[in-house]
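Asker: The following block contains the structure, expressed as structure tokens.
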Amino acid sequence: MHSSSVALFGLLLAHTALAKLFTDPAQLPRSEYDFAVVGAGTAGNVIASRLSENPSISACVIEAGGNDAGILEMMISFTAPDVLSNASLIWNYTTIPQKALNNRILPYQRGRVLGGSSSVNFLAYTRGSYDDFDRFANVTGDPGWSWDAVFPFMLKAENFTDPVDHHNITGEFNGSAHGYRGPLLTTLPGFPSSIDPRILASTETDPIVFPFNLDNNAGDTIGIGWLQSTSGLGSRSSSATAYLHPVLHRPNLDVVIQTQVTRLLNVGAQGAVPNCALSSSLKVAQVGMHNRPRMTIRASKEVVLSAGAINTPQLLLLSGIGDPEALSSLGIPILVHSPDSIAGSLVYCDW
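Note that the sequence shown covers residues -19 to -1, 1 to 332 in mature numbering (1 follows the signal peptide of the UniProt record, and there is no 0).
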């Protein structure tokens, strides 16, 4: 009898945790929120979690994809490559022919599920070089983008955990370069391969060509070191598992999946820069239900666009924000004249 009660209690907790996850915009308890977050991906879930910490603020997250919970190939690190063959979890994006690659057309995979691309990637945890962040700070004129300024937040986000085989990890990472209390689980590989000692031996026989790097996430990315991953306890850690699911119980946060934002309404501008603050609205449609009328969700304070490197500029263009010549040729009414700052600058980056 005791075990049955525990099982029932667990089911009740699971039901409560998912109580604010809607699958149809018509199910939403209201049509106006303080903040509307477009995209429950790598950034959107963090933003939603942070905003909803304030109980006086209401927020709604709108995701075109489905729920990430219970998808085994997504949860298990070994089967992560299988996720990209599941068409329901990714956007079917490809590049135009690449001249430098003999005109090959490459897949450009983006996650279409809670967690976005953090739910469908191969779990490699790479922060990038301190030089990159310092260049960001220099280009933007904002020292807040420098490595020294961003590094404390990297530690705050991270919860470094033991590998699944619990082997001695001395000499495999720099402990001071990691956080241990954040929501995002990271780890080192368990059950080392027989080829690992041979690769490490190359760093001793020819350290100039193959330098050993104790930790590629400590700011210097040059050299051979142990690959870290966004996983813990044998399961993937994504922005959904780390930031969204733990806060779905908050009464001021609603999340609707299988719902795509099709257009921004009532967007102002500051020069050529769109301003989504001060009472903007979104036109949304349930995915796969083309005959149903579209609904409007209003944000009294701000709309936050975090729909990804492709979908965010696409949404801006569909809303009439961008190059007037290109928009006019497609019959899209011009809302904000912004010829140089929207789309056209996508650069592939490994991390």
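For glycine and all other residues, C-beta sits at the position ideal for the given N, C-alpha and C.
Model, not experiment: these values are computed from the prediction.
Between the stretch 37 to 47 and the stretch 94 to 106, can you find at least three pairs of beta-carbon atoms closer than 8 angstroms?
Answerer: Touching, per the Cβ criterion.
Asker: Could you tell me how far apart the beta carbons of Pro36 and Asn197 are, in whole angstroms, since I believe they sit closer than 8 angstroms?
Answerer: The Cβ separation is near 40 angstroms, so there is no contact.
Asker: If we ignore side chains and look at the alpha-carbon of each, how far apart do Ser319 and Thr293 end up?
Answerer: Taking the straight line from one Cα to the other gives about 15 angstroms.
Asker: Taking Asn140 as part of the beta strand (DSSP E), name the residues at either end of that continuous run.
Answerer: Segment Glu139 to Phe141, the beta strand (DSSP E) holding Asn140.
Asker: Taking Cβ to Cβ, would you say Tyr224 is nearer than 8 angstroms to Asn26?
Answerer: Taking 8 angstroms as the Cβ cut-off, Tyr224 and Asn26 qualify as a contacting pair.
Asker: Suppose the cutoff is 8 angstroms on Cβ atoms and the five residues either side in sequence are ignored; what does the same chain contact list for Asp331 look like?
Answerer: Residue confidence is low: Asp331 scores 46 on pLDDT, short of 50, so the model does not pin down where it sits. Its coordinate-derived value is still stated next. Closer than 8 angstroms at the Cβ level, and outside the excluded window around Asp331, lie Thr107.
Asker: Pairing CB atoms from the stretch 210 to 218 with CB atoms from the stretch 152 to 161, are three or more of them under 8 angstroms?
Answerer: No, they do not touch.
Asker: Determine the closest residue to Glu283 out of Ala40, Lys1 and Leu2, with distance taken between C-alpha atoms.
Answerer: Minimum Cα distance to Glu283 is reached at Ala40.
Asker: So what's Ile38 in DSSP terms, helix, strand or just coil?
Answerer: Three-state result, Ile38: coil.
Asker: Do Ser127 and Thr23 have their beta-carbon atoms positioned less than 8 angstroms apart in this structure?
Answerer: Not a contact, by the Cβ cut-off of 8 angstroms.
Asker: Beta carbon of Ser12, beta carbon of Ile278: below 8 angstroms?
Answerer: Against a cut-off of 8 angstroms, the Cβ pair of Ile278 and Ser12 comes out as a contact.
Asker: Assuming Leu296 contacts Val237 (C-beta within less than 8 angstroms), just tell me the rounded distance between them.
Answerer: Their Cβ separation, rounded to whole angstroms, is 16 angstroms, which puts Leu296 and Val237 out of contact at 8 angstroms.
Asker: Quick one, which of Thr168, Pro133, Lys137 and Leu136 has its alpha-carbon nearest Asn149's?
Answerer: Measuring from the Cα of Asn149, the nearest candidate turns out to be Thr168.
Asker: Got a sec, what are the start and stop residues for the alpha helix (DSSP H) Ala29 sits in?
Answerer: Unbroken alpha helix (DSSP H) run through Ala29: Gly25 to Leu32.
Asker: Which one or two residues does DSSP pair with Trp72 in a beta bridge?
Answerer: Per DSSP, Arg91.
Asker: Determine whether the beta carbon atoms of Leu65 and Val120 lie at a separation below 8 angstroms.
Answerer: The answer is no: Cβ separation not under 8 angstroms.
Asker: Tell me whether the beta-carbon of Trp207 lies closer than 8 angstroms to the beta-carbon of Phe154.
Answerer: Their beta carbons are under 8 angstroms apart, which means Trp207 touches Phe154 by this criterion.
Asker: Thinking Pro78 and Ile71 are a contact (beta carbons under 8 angstroms), I'd like their distance in whole angstroms, please.
Answerer: Not really, about 21 angstroms apart at Cβ, beyond 8 angstroms.
Asker: How about Leu166 and Asn140: are their beta carbons less than 8 angstroms apart?
Answerer: Yes. Within cutoff.
Asker: Rounded to the nearest angstrom, what separates Asp49 and Leu104 at their Cα positions?
Answerer: Rounded to the nearest angstrom, the two C-alpha atoms are 15 angstroms apart.
Asker: If you run the structure through DSSP and keep just helix, strand and coil, what is Glu306?
Answerer: Reduced to three states, the DSSP call for Glu306 is helix.
Asker: Starting from the Cα of Thr4, find the closest Cα among Val285, Ser309, Ser281 and Gln267 and give me that residue.
Answerer: It is Gln267 whose Cα lies nearest to the Cα of Thr4.
Asker: Apply the 10 Å Cβ neighbour rule to Gln209 and answer buried if 16 or more other Cβ atoms are within range, or exposed otherwise.
Answerer: Gln209 should be labelled buried.
Asker: In whole angstroms, what is the alpha-carbon distance linking Leu327 and Leu9?
Answerer: Distance between the alpha carbons of Leu327 and Leu9: 34 angstroms.
Asker: Note down the Cα distance separating Asp123 from Arg116, rounded to an integer number of angstroms.
Answerer: C-alpha separation (whole angstroms): 10 angstroms.
Asker: Compute the Euclidean distance between the alpha carbons of Glu54 and Arg217, then round it to the nearest angstrom.
Answerer: Approximately 10 angstroms, taken between the alpha carbons.
Asker: Compute the beta-carbon to beta-carbon distance between Ser287 and Gly20, rounded to the nearest angstrom, for a pair I have assumed lies under 8 angstroms.
Answerer: Indeed, because the Cβ distance is near 4 angstroms, the residues count as touching under 8 angstroms.
Asker: Got a sec? Which residues, its chain only, sit under 8 angstroms from Ala(-3) by beta carbon, not counting five neighbours each side?
Answerer: Note on Ala(-3): pLDDT 43, under 50, position unreliable in the model; the coordinate value appears next. So the list reads His226, Leu229 and His230, once near-sequence residues are dropped.
Asker: Using 8 angstroms as the threshold, is the C-beta distance between Pro305 and Ile315 below it?
Answerer: In this structure, Ile315 lies closer than 8 angstroms to Pro305 by Cβ.
Asker: Keeping to the same chain, check which residues put their C-beta closer than 6 angstroms to that of Ala29; ignore five residues upstream and five downstream.
Answerer: Excluding sequence neighbours, Ala29 sits near Val18, Ala40 and Val42.
Asker: Tell me the rounded alpha-carbon separation between Ser300 and Val317.
Answerer: Spanning the two alpha carbons is a distance of roughly 9 angstroms.
Asker: Excluding the 5 residues flanking Asp63 on each side, which residues of the same chain have their C-beta closer than 8 angstroms to its C-beta?
Answerer: For Asp63, where only same-chain residues beyond five positions count, the Cβ hits under 8 angstroms are Glu54.
Asker: What is the residue span of the alpha helix (DSSP H) that Leu169 lies within?
Answerer: Unbroken run through Leu169: none, as it is neither H nor E.
Asker: Of the residues Ile205, Pro164 and Asp201, which one's Cα is nearest the Cα of Ala182?
Answerer: Of Ile205, Pro164 and Asp201, the residue nearest in Cα terms is Ile205.
Asker: Looking at C-alpha atoms only, which residue of Asp321, Gly325, Ile323 and Leu298 is the closest neighbour of Gly312?
Answerer: The option with the nearest alpha carbon to Gly312 is Leu298.
Asker: For Ser175, count neighbouring C-beta atoms within 10 Å of its own C-beta (all shown protein chains included) and say buried if the count is 16 or more, exposed if not.
Answerer: Classification for Ser175: exposed.
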